[in-house]
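The structure appears right after this line, and notes come after that.
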Amino acid sequence: MVRPFAVIGFTLFFTIAFLFEFETGVTVAALAALTAALVISLFIGKIRRGRVLPAVFASGAVGCILLLSTVYFTYLPVLEYDGVKNCTLTAEFTSKPEIKYGNYYCETHVLSVNGEAADFNLRLVFSTPPEAEPYDLIEGKFNLYTLGASDEDFLQSYKSKGIWLGGYAVNDEFKIIGLPEDDKPFAKKILDIREFIRNALYRILPDDRGDLAVALITGDKSGMSDELYSCFTDIGISHIICVSGFHLSLWSMLILKILRKTGIKRWLANLIACVCVVFVMLVAGMTYSVIRSGIMMIVFLIGDIVMRRRDSLNSLGFALAAIAVWNPFAMGSVSLKLSAVATLGIILYTQYVSHDVNKVLDKIKYQKISRFIKNVVSLLMITVSATAFTLPISLGLYGGFNFICFFANIVFVPLAQVSMVIGMLGAIFGAVLTGAFNPFAYTVGLLLEFFIGLTESLARFDFLTFYINDEKIRILLAGLFLFCIAAAVLSHHKSRVRNLACVLCAAIFTVTIVTFSHFESRETKITVVDCGNGVSVLVSNKGENFLIGCGGNSFLGASKICEAVSDTGACIDVAVVPGAHEYSSVYTYKVFDKFKPEKIYFDSLPQGVDLLLNNSEKYSFTKLHGSENITACGTVNNGNNCVLIETDDTSVLICFSPNIVYSDLPEDFKKADIIISRSNIPLGAECSNGKVVVLSADESRSFHIKKNLALRGIDCLATGGKNVVLRAEKGKVSVD
Numbered sequence: 068m069v070r071p072f073a074v075i076g077f078t079l080f081f082t083i084a085f086l087f088e089f090e091t092g093v094t095v096a097a098l099a100a101l102t103a104a105l106v107i108s109l110f111i112g113k114i115r116r117g118r119v120l121p122a123v124f125a126s127g128a129v130g131c132i133l134l135l136s137t138v139y140f141t142y143l144p145v146l147e148y149d150g151v152k153n154c155t156l157t158a159e160f161t162s163k164p165e166i167k168y169g170n171y172y173c174e175t176h177v178l179s180v181n182g183e184a185a186d187f188n189l190r191l192v193f194s195t196p197p198e199a200e201p202y203d204l205i206e207g208k209f210n211l212y213t214l215g216a217s218d219e220d221f222l223q224s225y226k227s228k229g230i231w232l233g234g235y236a237v238n239d240e241f242k243i244i245g246l247p248e249d250d251k252p253f254a255k256k257i258l259d260i261r262e263f264i265r266n267a268l269y270r271i272l273p274d275d276r277g278d279l280a281v282a283l284i285t286g287d288k289s290g291m292s293d294e295l296y297s298c299f300t301d302i303g304i305s306h307i308i309c310v311s312g313f314h315l316s317l318w319s320m321l322i323l324k325i326l327r328k329t330g331i332k333r334w335l336a337n338l339i340a341c342v343c344v345v346f347v348m349l350v351a352g353m354t355y356s357v358i359r360s361g362i363m364m365i366v367f368l369i370g371d372i373v374m375r376r377r378d379s380l381n382s383l384g385f386a387l388a389a390i391a392v393w394n395p396f397a398m399g400s401v402s403l404k405l406s407a408v409a410t411l412g413i414i415l416y417t418q419y420v421s422h423d424v425n426k427v428l429d430k431i432k433y434q435k436i437s438r439f440i441k442n443v444v445s446l447l448m449i450t451v452s453a454t455a456f457t458l459p460i461s462l463g464l465y466g467g468f469n470f471i472c473f474f475a476n477i478v479f480v481p482l483a484q485v486s487m488v489i490g491m492l493g494a495i496f497g498a499v500l501t502g503a504f505n506p507f508a509y510t511v512g513l514l515l516e517f518f519i520g521l522t523e524s525l526a527r528f529d530f531l532t533f534y535i536n537d538e539k540i541r542i543l544l545a546g547l548f549l550f551c552i553a554a555a556v557l558s559h560h561k562s563r564v565r566n567l568a569c570v571l572c573a574a575i576f577t578v579t580i581v582t583f584s585h586f587e588s589r590e591t592k593i594t595v596v597d598c599g600n601g602v603s604v605l606v607s608n609k610g611e612n613f614l615i616g617c618g619g620n621s622f623l624g625a626s627k628i629c630e631a632v633s634d635t636g637a638c639i640d641v642a643v644v645p646g647a648h649e650y651s652s653v654y655t656y657k658v659f660d661k662f663k664p665e666k667i668y669f670d671s672l673p674q675g676v677d678l679l680l681n682n683s684e685k686y687s688f689t690k691l692h693g694s695e696n697i698t699a700c701g702t703v704n705n706g707n708n709c710v711l712i713e714t715d716d717t718s719v720l721i722c723f724s725p726n727i728v729y730s731d732l733p734e735d736f737k738k739a740d741i742i743i744s745r746s747n748i749p750l751g752a753e754c755s756n757g758k759v760v761v762l763s764a765d766e767s768r769s770f771h772i773k774k775n776l777a778l779r780g781i782d783c784l785a786t787g788g789k790n791v792v793l794r795a796e797k798g799k800v801s802v803d
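Numbering (my numbering), first residue to last: 68 to 803.
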């Protein structure tokens with residue numbers, strides 16, 4: 068077997084990444100099937116001697132065992148604390164507070180729960196910033212809950228990160244115990260170094276330029292505005308501000324080149340470079356993509372010391388295998404998936420296509436022109452390779468693709484490299500030189516100013532963005548996978564069977580995606596957000612988002628609304644806020660500070676919210692009319708507001724109070740397929756004939772109301788701890 072680690076690593080990666088999305092029963096079935104296949108393969112001499120298939124089956128079975136053991140021995144025991152109220156908890160902070168949706172979030176490591184030893188990570192949320200440093204202790208009574216329980220995508224995300232529970236202090240009362248610096252672990256020193264670099268960069272680069280410099284050098288994006296980060300994502304260069312192989316190779320190769328210029332021995336220079344790689348990994352936070360690229364870089368450097376032939380596919384497989392054994396849940400991480408498949412695409416291009424491309428370019432007579440064109444073509448082909456391999460994941464996550472990424476990577480990758488080096492030099496010299504006499508600070512400031520301006524300009528090219536429900540996506544997919552076919556045909560493999568297999572795989576995958584694109588459901592998604600005793604409903608149809616109501620009394624209400632909006636396109640096209648009441652508008656400031664609606668219909672708003680809406684179109688609630696895909700109208704009944712939403716698939720009646728007299732509503736309102744109401748169903752509501760009824764209420768109240776309604780023969784859904792998600796298509800309504 069030529070590449071054992073590649074076979075083992077990729078099998079572990081794809082097996083666990085696939086099974087991560089399913090229940091454990093599927094994993095058990097997969098384990099049985101793979102074990103049976105392994106046994107059979109060992110009895111067939113030709114397959115046994117080939118070694119590849121037995122290694123694949125064995126690695127797949129090991130992946131299943133690793134996943135099952137993590138679920139049963141680590142994950143499920145921690146989830147036993149879900150829903151625990153008023154528990155006495157002792158934990159240590161492992162991060163500084165991060166502000167999000169108006170709250171402060173800190174990652175902690177739990178040491179004890181109710182006096183019993185515990186060992187798991189917990190994300191605590193505070194209404195005010197806790198006065199604590201990393202590795203200080205916190206004690207108090209807390210309520211615990213499962214992170215992402217209301218949304219499957221968020222649940223899987225937290226699960227892969229190893230932070231499965233969240234908590235908040237009862238009555239916001241807790242005690243922080245500061246520890247002496249000498250008693251804190253080595254990890255605190257790493258955080259101090261990270262903070263030192265961050266402060267040094269902010270000292271020479273204020274505002275957005277400092278935020279971008281910190282993100283480029285340390286991978287810390289917490290200071291970047293949502294608008295700027297969105298621009299990077301929109302044009303496909305967000306990998307530049309996420310520490311990965313791009314950053315590690317830059318720093319390690321730069322240090323290696325400097326050391327070798329000094330005449331130091333090759334093996335010693337490589338060892339020092341390895342130490343530098345580990346240092347950058349620690350400062351960058353040891354994310355999965357950082358660990359993957361760090362392991363590959365260390366294997367590369369050690370291979371150079373022992374004079375072994377270096378194989379990038381084997382290195383990538385070894386890195387994935389190491390991460391899978393260390394933490395199987397990491398295989399479900401979106402960042403690791405994107406990082407791994409993008410690296411795979413780049414490696415395959417480098418090994419099988421670049422040689423042929425360079426042979427063509429070598430025919431150019433002028434060396435300088437040839438070298439320049441080679442660099443440009445190399446960047447372009449690497450971008451195409453990475454994009455082709457990450458496309459299925461990107462489409463599944465973001466639903467779209469922007470052609471501008473090809474041009475953006477050619478421009479921004481070299482610019483980012485120069486900015487990182489000069490920015491680091493500016494931070495170092497900033498300790499001894501003032502800003503006026505620090506040429507590095509001045510230079511990198513100009514570079515980053517240009518960087519930000521060009522990024523924002525390119526992000527405005529909306530016409531170059533293609534979504535999966537757009538017919539043009541078929542051309543895009545066909546073109547990208549034709550590139551993969553060309554890569555297979557142009558490779559040095561002469562086997563017709565292998566080339567035919569590549570062509571068939573690409574064709575089948577392309578046809579599958581195109582077919583999905585053609586028959587993609589244009590359904591309506593209705594998310595009733597779990598915000599306690601209040602109303603917040605997000606209706607999505609054909610790329611448009613309507614947010615009706617933004618209120619409640621849940622501590623995490625604003626966060627849950629923002630998460631629901633993020634999950635459906637990260638924008639609010641129309642917001643409807645009938646009045647400045649707790650049950651309809653208490654979260655508007657936090658939500659609109661994150662997602663500013665293009666249009667808003669309201670009667671009154673909480674104080675200060677109007678300052679966030681300078682660029683929004685404002686209308687009276689009585690003029691509510693909706694848009695091309697979602698029509699809406701509002702009425703006032705018995706002194707309370709209600710809204711009717713209609714799409715091609717369904718109609719939804721949203722009542723902000725149960726005191727609405729149902730019989731007095733207009734006929735169109737009474738014919739709605741779905742009734743959503745706060746606390747209880749409207750007075751005299753007709754809940755038969757297949758109507759779907761959803762209550763927005765807190766957990767204790769919704770349980771009793773559902774029980775009483777069941778006695779009256781009315782079956783209903785209720786939030787009470789998690790979002791209720793409905794999907795409607797051509798009059799048929801289903802529950803997620």
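Cβ coordinates follow ideal geometry from the N, Cα and C atoms, glycine included.
In the DSSP assignment, Arg270 falls within the unbroken alpha helix (DSSP H) covering 253–271.
DSSP places Ser179 in the strand class (E or B) of the three-state scheme.
As computed with DSSP, Phe193 is found in a beta bridge with Tyr171. With contacts defined as CB atoms closer than 8 angstroms, Leu258 and Leu232 fail to qualify as a contacting pair. In terms of Cβ geometry, Gly76 and Gly384 form a close pair [threshold 8 angstroms]. For Tyr656, the enclosing alpha helix (DSSP H) begins and ends at 655–661.
Rounded to whole angstroms, the gap between the alpha carbons of Ile230 and Phe140 is 16 angstroms. With respect to the C-alpha of Leu79, the residue from Gly312, Pro395, Asn442 having the closest C-alpha is Pro395. When the five nearest sequence neighbours on each side are left out, the beta carbons in the same chain lying within less than 8 angstroms of the beta carbon of Ala391 are those of Gly76, Leu79, Phe80, Ile83, Gly130, Leu133, Ala397, Met398, in order along the chain. In chain order, Phe473, Asn476 place their CB closer than 6 angstroms to the CB of Thr450, counting only its own chain and leaving out the 5 sequence neighbours on each side. For the set Phe221, Val123, Thr454, Lys663, the Cα lying nearest the Cα of Leu415 is the one of Thr454.
A straight line joining the alpha-carbon of Lys666 with that of Gly490 spans about 41 angstroms. When the five nearest sequence neighbours on each side are left out, the beta carbons in the same chain lying within less than 7 angstroms of the beta carbon of Leu317 are those of Gln484, Met487, in order along the chain. The alpha-carbon separation between Glu753 and Tyr729 amounts to approximately 8 angstroms.
Going by DSSP, Val604 is part of the beta strand (DSSP E) stretching over 604–608. If only uninterrupted alpha helix (DSSP H) runs of at least 4 residues are considered, those enclosed by the stretch 348–383 are 355–372. Secondary structure at Leu672: coil, using DSSP grouped into helix, strand and coil. In this structure, the beta-carbon distance from Leu482 to Leu513 does not fall below 8 angstroms. Annotation: the continuous beta strand (DSSP E) that includes Lys592 extends over 591–595.
A distance of 8 angstroms or more separates the beta carbons of Phe662 and Leu679.
The Cβ atoms of Asn170 and Ser524 lie no closer than 8 angstroms to each other. For Lys242, DSSP records a beta bridge to Glu206. Within the stretch 471–526, the complete alpha helix (DSSP H) runs of at least 4 residues fall at 471–496, 506–526. Boundaries of the beta strand (DSSP E) harbouring Ile741: 741–745, taken from the DSSP string. Between the alpha carbons of Cys700 and Thr786 lies a gap of roughly 25 angstroms. Here Glu174 is buried: its Cβ has 16 or more other Cβ atoms, across all protein chains shown, within 10 Å.
In this structure, Ile741 is the residue among Ser671, Ile741, Cys722, Thr510 with its C-alpha nearest to the C-alpha of Thr591. The shortest C-alpha to C-alpha distance from Ser319 to any of Leu279, Arg527, Glu165, Leu368 is the one to Leu368. In the structure shown, the three-state DSSP call for Glu630 is helix. Its chain contains Asn210 as the residues whose beta carbon lies nearer than 6 angstroms to that of Lys152, once the 5 sequence neighbours on both sides are disregarded; these appear in chain order. With contact defined as three or more Cβ pairs closer than 8 angstroms, the stretch 151–165 and the stretch 115–126 are not in contact. Within the stretch 119–178, the alpha helix (DSSP H) runs of at least 4 residues that lie entirely inside it are, in chain order, 119–137, 143–146.
The Cβ atoms of Ala216 and Lys789 sit closer than 8 angstroms to each other. Non-local beta-carbon contacts of Val408 in its own chain, meaning distances under 6 angstroms to residues more than five positions away in sequence, involve Phe456, Thr457 in chain order.
DSSP, read as helix, strand or coil, puts Arg333 in helix.
Per the coordinates, the alpha-carbon of Lys324 lies some 23 angstroms from the alpha-carbon of Phe479.
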